[in-house]
Every structure is written in C-alpha cells, then in structure tokens.
Amino acid sequence: MENFTNETIDTTQLPKFEEVLFSKLDSKYFKVVIINLVLIIGLLILAPILFSVLKPEVFSGRIWFILGVVEPILFALIIGFSILGFRKKEFAFREHDVLFRHGVIALNTTIIPYNRIQHVALHEGMVSRYFGLAKIQIFTAGGSSSDMEIPGIEKEQAENIKQLVMGKIQKQL
96 MENFTNETID TTQLPKFEEV LFSKLDSKYF KVVIINLVLI IGLLILAPIL FSVLKPEVFS
156 GRIWFILGVV EPILFALIIG FSILGFRKKE FAFREHDVLF RHGVIALNTT IIPYNRIQHV
216 ALHEGMVSRY FGLAKIQIFT AGGSSSDMEI PGIEKEQAEN IKQLVMGKIQ KQL
C-alpha cells in the first residue's frame, strides 16, 4: 500500500497564464461584428415603426419621445461594447490546454485542458463565411452547448486548429 502524501504547493511557482502569448482575432472579424450590429439595430429600429403602423393607438407622442431618447443611448452602448469586446478577445493553444480571454468590464480567461475536451466543431456563419472566417467550438463533458467559442479565425487556420485539438483528444484516449 502506498503512503498517502498531501504536500503544500508553492503557488508562487505555478506557471502564469497571463504570460502566455495570446493571438488576436482576425481583423476581418471586425467587419462581421459591424455587419451583425447593423442588422440587429436595423431590426430594432424597424420593429417600433412596423408596430406603430399596425397598432397606431398604442403609440403616443410620449412613447416616440422615449424611443427617440432611449434607443440611441442603447444603440451607442451596444456599439461601444461590441467594439471593445472585439478588441479584448484573444486565444492561445498550448501543449496541454487551450485558453480564451474576453470581456469588457471584467476580463475573463477560460482554460480548458485537452483531456477534458469531448468534441470540437468548426462553424461558419453566413456573414463570417463571406469573409473566409470560422468559429471554433469546444465541448467538454456534461453540456449540450459549447464550453468555449473562439470566433473570427481564418477558415484555414480554424481547420488546422480543429485538427490539432482532435489529435490531442485522440492521444488522451
């Protein structure tokens, strides 16, 4: 029978993920973000107009004033956070894990070891496909949605990353 040990770990000697060289998203992805924003904001502008045509009795002068003040502020916030969010998204693939950093108000870093990954998928949205970009989705056990999504990667690079991760998964088995 082996002797059980439970030594204290010196946490000051642990590797620091903050020192990892992160890769930025492809600059073309910024265009994807802007196009998606234009589509969303366009729908948010058209919805009240269409609703006012179909149900004019609901829309008084006060509601139009609120929409005229609140919507532009909301749109400015959405645009600002989207632009900042694009700039803050970074990723890295290391020997034993994958890292993704994102966030505007709070910076979040997700680290998933390869031995926890169950599945990896490559997804191309309609707008992203036009610019030759894809999104890597990484799934771990126990969930139906992806645990990590890294958008804005050139399609060829995304395919290479998918193959890399699939190879790491196979080595774990």
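Taking our numbering, I'd label the letters of the sequence shown as residues 96 to 268.
Heads up, the beta-carbon is just placed ideally off N, CA and C, and yes, glycines get one too.
The model shown is predicted, which means the values in this text are computed figures rather than measured ones.
- In the assembly as shown, Ser223 is a buried residue. Its beta-carbon has 16 or more other beta-carbons within 10 Å.
- Residue environment analysis places Ile248 among the buried positions, since at least 16 neighbouring C-beta atoms fall within 10 angstroms of its C-beta.
- Proximity to Glu185 across Ala253, Met261, Leu120 peaks at Leu120, based on C-alpha coordinates.
- Between Ile264 and Asp242, the gap from beta carbon to beta carbon reaches 8 angstroms or more.
- The count of Cβ pairs closer than 8 angstroms, one atom from the region 171-186 and one from the region 103-114, stays below three, leaving the stretches out of contact.
- The residues Ala187, Arg189, Leu194, in chain order, have a CB closer than 8 angstroms to that of Val115 in the same chain once the five nearest residues on each side in sequence are set aside.
- Contact check between the region 228-236 and the region 120-137: three or more CB pairs, one atom from each, fall below 8 angstroms, which counts as touching.
- Val260 is positioned such that its CB atom lies no closer than 8 angstroms to that of Gln232.
- Contact annotation, Glu254 with Leu217: C-beta distance approximately 6 angstroms; criterion of less than 8 angstroms satisfied.
- The Cβ-Cβ distance between Arg196 and Asn203 falls below 8 angstroms.
- Inclusion of Leu179 and Val199 in the CB contact set at 8 angstroms is warranted, their separation being smaller than that value.
- Between Glu219 and Lys250, the C-beta gap is smaller than 8 angstroms, which places the two residues in contact.
- A Cβ-Cβ distance of about 6 angstroms is found for the pair Thr235 and Gln213, placing them in contact under the 8 angstroms criterion.
- Cβ neighbours of Ser177 within its own chain (closer than 7 angstroms, five residues either side excluded): Val128, Leu132.
- According to the DSSP assignment, Val133 belongs to the alpha helix (DSSP H) that extends over 124-149.
- For Gly247, the secondary structure class from DSSP, reduced to helix, strand or coil, is strand.
- Under the DSSP assignment, Val215 falls in the beta strand (DSSP E) whose first and last residues are 212-218.
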